[in-house]
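The sequence shown begins at 0 in numbering that gives the first Met the number 0 and counts up one residue at a time.
Glycine is no exception: its CB is placed at the ideal position from the N, C-alpha and C atoms.
So the structure is just underneath, and the comments pick up after that.
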Amino acid sequence: MAALSIVKYGDSVLETKCEPVTSFGTLELRKLVVDMFETMYVARGVGLAAPQVGVSSQLTVIDTSSGEDPSKQLVLINPTIVKREGSQIGEEGCLSIPGFREDVRRAAHVVVRAKDIDGNDIEVEGEELLARALQHEIDHLHGILFLNHLSPLKRDLIRRKIKKLQKAGDW
Ligand code: NI
């Protein structure tokens with residue numbers, strides 16, 4: 000088990016559509032999933048997508064209990080949102096965009112179909128925080144960040160702040 004380093008905003012892998020996973024149940028895939036959970040817990044996140052550790056594959060891990068309840072651990076491979084209902088507005092951040100949090104509007108309730116680590120079909124339903132995490136992480140697999148959901152004005156403001164941090168070597 001090893002925490003991986005998290006890719007930060009500015010790296011093109013975060014804005015690239017990920018490739019579907021085609022081989023399941025492999026040692027390599029299991030190791031990646033274990034390492035992604037470890038990385039997410041160390042960083043105190045509730046979700047982490049493969050591109051955030053530099054792997055451009057449609058794979059994400061989520062745990063809305065932050066490691067408190069093992070039954071909350073989710074591994075979603077090649078996920079798609081098949082149903083969205085209602086709407087919620089809430090503060091959202093991203094481990095790849097540390098220090099920035101903004102209100103983002105999301106569906107209140109979603110149903111997701113995906114594969115598990117062995118390639119079995121699974122369906123996950125989520126509301127509130129889980130619905131938000133599912134939408135945020137699945138966005139990542141399409142190269143979309145929470146910044147893309149903000150007004151152009153807010154997005155540009157954050158981009159400018161990040162550019163300053165990058166220039167100062169603080170990013
Ligand atoms: Ni994120």
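Look at the alpha carbon of aspartate 169 and the alpha carbon of asparagine 119, and state the distance between them as a whole number of angstroms. 42 angstroms
Between serine 150 and the ligand NI, is there a pair consisting of the residue's CB and a ligand heavy atom that are separated by less than 7 angstroms? no
Where the beta strand (DSSP E) containing glutamate 101 begins and where it ends: 101-105
Glycine 125, buried or exposed, once every other Cβ within 10 Å from all chains shown has been counted against 16: buried
Helix, strand or coil for lysine 7, going by three-state DSSP, please let me know. coil
Within 10 Å of its beta-carbon, does arginine 105 have 16 or more other beta-carbons around it, so buried, or fewer, so exposed? buried
According to the Cβ coordinates, are isoleucine 116 and glycine 24 closer than 8 angstroms? yes
Please determine whether the Cβ atom of cysteine 172 lies at a distance below 7 angstroms from any heavy atom of the ligand NI. As displayed, the chain neither begins before 0 nor continues past 170, which places residue 172 out of reach and without an answer.
Assumed close pair leucine 73, aspartate 62 - CB separation to whole angstroms, cut-off 8 angstroms: 7 angstroms
Straight-line gap, histidine 139 to leucine 26 (C-alpha atoms, nearest Å): 24 angstroms
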